[in-house]
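First up is the structure itself, then whatever we jot down about it.
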Amino acid sequence: MKPFLPFTRPHIDAESIAAVAEVLRSGQLASGPKVLAFEAALEKYIGGGRQVRVLTSATEGLEIALLVAGIRCGDEVLVPAMSFAASANVIARIGAIPKFVDIELISRNLDMRLLEAALTEKTRAIMPVHFSGLPVDMTALYDFAKRHRLRVVEDAAHAIGSRYQDRMIGSFGDLVVFSFHPNKNMTSIEGGAIASANPAEIALIEQHRFHGIKRNAQGEIDVMFPGSKSNLADVAAQVGLDQLRRLDGFNERRRELAGLYFETLADFPGIVLPARGDTGHSWHMFQLLIDFAARKTTRPAFQQAMAARGIGIGVHYPCIPGLRYYRERGYQAERDYPVAARVGRETVTLPLFPAMSDADVARVCDALRAELGAERLLVGRTA
């Protein structure tokens, strides 16, 4: 029997494990030289003269970025209705108001045509998501933000290594937040980072991630505000360093696997493929839309059937306004965000990670054909 194929799996090799062991032996377990080295390596990788500060998670990074951007209680932040719940939760946690905007069906990114209608006198910022690693239309985004004097916090949790018009995501723009969760294109076990070109805001980020502390020239501390505790440990930073030097290779293999999926599924009936993008897409995930009601089945039943065939299927994500917390506050997903609601009902995430073989893609597609009753499915061709 073939081994179970999960929808994702991080790649941690023996060399990385040995490097972590050296950090453990050093006795430096909290933030130290490896954190500084990781931040410097990220700055070099992203480019654009940006400064980067790492944290324990992208969720913490998004929350801090909003606070640094001046978002306060009662302010509205435009955010896509399709993403992981954290994209909206961080807005609510600081007392601001998530103002959801529907998405495009194929790209799953913000529908830029809907931004103007979503504006109110309370709107202070926009937080786009580069969904699955596909960059949003950055030209349109920043033109809109400039016209309306909005701060931009880019949720680039999926997009480390993605490029827009050959410019690295994070190398330009306002505040940009990355994730290094184990299911992302690179990992630091848990972790995230904020990129900015503003030295004063970088200093604020440093204070926010460590108790609001500021040190004077003599090294004495003062507390400027009640900050959080979200500094990254050196062990995590060492994992991140090893992953970062492999990232371009990881992403290239992801693009190859996505190409195989596109070719193999091109003639598959009754599914909606994602936007293909260009070479700037880092392919964090590969998702299909399947009308389960029309096929007289359910997504959980489909997941169970695929699992029985040794294939892991994810769900990324439910529509945020349809989640209980937001429903109870008056958001109506089906009425106001019909595309995101549809994607939330129909989305499934296929296995995609660098260690997969071409044969693994064929295996997933064969299982899809068997479970969904497709009459014609071409397999085994190269991308």
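Using our numbering, the letters of the sequence shown map in sequence onto residues 928 to 1310.
All C-beta atoms, glycine included, are put in the ideal place defined by N, C-alpha and C.
Cβ-Cβ distance between residue i and residue j below 9 angstroms
i       : j       : result
ASP1285 : PHE1027 : no
VAL1275 : GLN1214 : yes
ARG893  : LEU1171 : Since the displayed the chain opens at 928 and closes at 1310, residue 893 lies outside it and no answer follows.
GLY975  : ALA1130 : no
ARG1136 : LEU982  : yes
HIS1208 : GLY1060 : yes
PHE1311 : MET1065 : Coverage of the chain is limited to positions 928 through 1310, which leaves residue 1311 absent and any answer about it impossible.
LEU1159 : SER953  : no
GLU1117 : GLY1097 : no
ILE1024 : GLU1043 : no
MET1283 : GLY1241 : no
ARG1035 : PHE1058 : yes
LEU1279 : TRP1210 : yes
ALA1084 : HIS1108 : yes
PHE965  : SER1157 : no
Neighbourhood of residue i by C-beta, 8 angstroms cutoff - its chain only, sequence neighbours within 5 removed
i       : result
LEU1174 : TYR972, ILE1087, GLY1088, ASN1112 and MET1113
ASP1038 : VAL1028, ASP1029, ILE1030, GLU1031 and VAL1266
ASP1218 : GLY1197 and GLU1273
ARG1254 : PRO1248 and ALA1260
LEU951  : VAL1162
LEU1250 : ALA1012
VAL947  : VAL1162, GLN1165 and VAL1166
Where residue i falls, given that 16 or more other Cβ within 10 Å makes a residue buried
i       : result
LYS961  : buried
ARG1142 : exposed
ALA1052 : buried
GLY1022 : exposed
CYS1000 : exposed
ARG980  : buried
LEU1102 : buried
PRO1227 : exposed
VAL1150 : exposed
ALA967  : exposed
THR1225 : exposed
ALA1185 : buried
ASP1205 : exposed
GLN1092 : exposed
GLU934  : Here the sequence assigns Phe to residue 934, which means Glu is not the residue at that position. Result: buried.
ALA1235 : exposed
GLY1271 : buried
MET1233 : buried
ARG1078 : buried
THR1191 : buried
ASP1169 : buried
ALA1067 : exposed
GLN1145 : exposed
ARG977  : buried
ILE998  : buried
PRO1062 : buried
ALA1072 : buried
PHE1152 : exposed
ALA1015 : buried
LEU963  : exposed
Nonlocal neighbours in the same chain, by C-beta distance under 6 angstroms from residue i, ignoring five residues either side
i       : result
ILE1238 : LEU932, VAL1291 and ALA1294
SER1010 : VAL1056
ARG1269 : none
ARG1090 : GLY1207
LEU1005 : LYS1026, VAL1028, ALA1045 and ILE1053
THR1050 : GLU1003
MET928  : none
Assumed close pair residue i, residue j - CB separation to whole angstroms, cut-off 8 angstroms
i       : j       : result
LEU1134 : GLY1154 : The sequence shown places Gln at residue 1134, rather than the Leu named in the question. With 8 angstroms as the limit, GLN1134 and GLY1154 qualify as a contact, their Cβ atoms being about 6 angstroms apart.
PRO1055 : PRO1007 : 7 angstroms
SER943  : VAL1166 : 6 angstroms
ASP1132 : VAL995  : The amino acid occupying residue 1132 in the given sequence is Ile; Asp does not appear at that position. At roughly 6 angstroms, the Cβ-Cβ gap stays under 8 angstroms, so ILE1132 and VAL995 are in contact.
Other residues of its chain near residue i: CB distance less than 7 angstroms, five sequence neighbours each side excluded
i       : result
ASP940  : none
GLY988  : LEU982, VAL1104, GLY1119, ALA1120 and ILE1121
TYR1258 : PHE1027 and PRO1248
VAL1017 : THR986, LEU989, GLU990 and LEU993
PRO1281 : HIS938, PHE1177, ARG1180 and ARG1181
LEU1305 : In this prediction, LEU1305 scores a pLDDT of 38, lower than 50, which makes its location untrustworthy; the coordinate-derived value is nonetheless stated afterwards. So the qualifying residues of the chain are THR1191 and ASP1194.
ILE1033 : PRO1201 and ALA1202
LEU1216 : ILE1198, VAL1199, VAL1270, GLU1273 and THR1274
LEU1041 : VAL1028 and ASP1029
ALA1019 : PRO1025
- request: Any chance you could list the alpha helix (DSSP H) runs of at least 4 consecutive residues sitting entirely within the segment 1147–1180, in chain order?
  value: 1161–1171
task: Jot down the residue ranges of each uninterrupted alpha helix (DSSP H) in the segment 984–1022, minimum 4 residues, whole runs only, in chain order.
output: 985–995 and 1013–1020
Whole runs of the alpha helix (DSSP H) within the segment 945–979, excluding any shorter than 4 residues: 960–973
4-residue-minimum alpha helix (DSSP H) runs that sit fully inside the segment 1029–1082, ordered along the chain: 1042–1045 and 1065–1074
- prompt: Which ranges would you report for the alpha helix (DSSP H) in the segment 1233–1260 if only whole runs of at least 4 residues count?
  reply: Complete alpha helix (DSSP H) runs here, min 4: 1251–1254.
field: Whole alpha helix (DSSP H) elements within the segment 1188–1242, 4-residue minimum
entry: 1226–1235
- prompt: Where in the segment 1101–1136 do unbroken runs of the alpha helix (DSSP H), each at least 4 residues long, occur, reported from the N-terminal end onward?
  reply: 1126–1135
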